[in-house]
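Residue numbers (this note's numbering): 12 to 195. In this text, a Cβ means the ideal position worked out from N, Cα and C, and glycines have one as well. Just below is one structure, and these are the notes that go with it.
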Ligand SMILES: Cc1cc2nc3c(=O)[nH]c(=O)nc-3n(C[C@H](O)[C@H](O)[C@H](O)COP(=O)(O)O)c2cc1C
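In structure tokens, the structure reads:
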């Protein structure tokens with residue numbers, strides 16, 4: 012089973028991206044986690060550019076989402092909401108709405124922030140956006156607050172409770188993938 016992992020942060024030392032690397036380590040046999048590196052190459056959404064086909068990077072993103080069995084997001088919170096770059100990529104992916112690549116796609120959303128609350132508002136808003144696009148938003152949840160205390164100097168997740176939270180969130184997501192695919 013292929014799971015696309017999307018971080019809402021572009022910075023190299025991102026805690027959210029580091030969480031997705033830890034998720035790769037925690038993935039059970041048969042579940043392949045692929046971290047998406049294309050977020051920065053998605054242009055600002057403009058309906059005038061939303062032609063058929065659209066920009067190359069956008070078409071590649073849409074196709075990748077179509078190919079995978081599920082998508083796992085880890086997002087920071089910017090001003091109590093979803094970071095603009097991530098929202099922008101989803102706006103592109105959402106068109107045309109009726110046949111968009113996220114429709115019926117099982118998704119999980121977790122978040123990490125430097126503050127105490129672990130990006131809970133951003134995660135809630137991201138679930139709302141994905142729901143509007145027709146994704147199957149799972150009940151997976153993990154809010155990693157005070158993220159700087161959970162990683163070592165090399166950016167490796169050292170907090171066992173958070174690792175357990177990742178395993179639980181991934182299990183919730185995998186359970187939403189139709190069983191024929193789970194066997195694959
Ligand atoms: C523009 C901006 C806005 C932010 N707004 C919030 C916020 O509303 N709530 C919060 O908990 N942290 C906020 N932060 C702090 C982020 O949680 C922190 O930078 C976090 O490490 C970002 O995630 P990353 O490590 O994955 O890049 C903000 C950071 C930036 C750059």
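Rounded to the nearest whole angstrom, the CA to CA distance from residue 131 to residue 154 is 6 Å. Looking only at 79, 23, 179, the smallest Cα-Cα distance to residue 39 is reached by 179.
Contact between residue 99 and residue 105 does not hold, since the beta-carbon distance rounds to 11 Å and is not under 8 Å. Annotated three-state conformation of residue 124 is coil, per DSSP. With respect to the 7 Å criterion, residue 147 and residue 189 are not classified as neighbours on the basis of their beta carbons. Residue side-chain check: residue 32 keeps its Cβ at 6 Å or more from all non-hydrogen atoms of ligand 1. As the crow flies, the alpha-carbon of residue 49 is around 15 Å from that of residue 56. Scanning 134, 138, 168 for the CA closest to the CA of residue 37 turns up 168. Judged by DSSP secondary structure, residue 37 falls within the alpha helix (DSSP H) whose first and last residues are 26-37.
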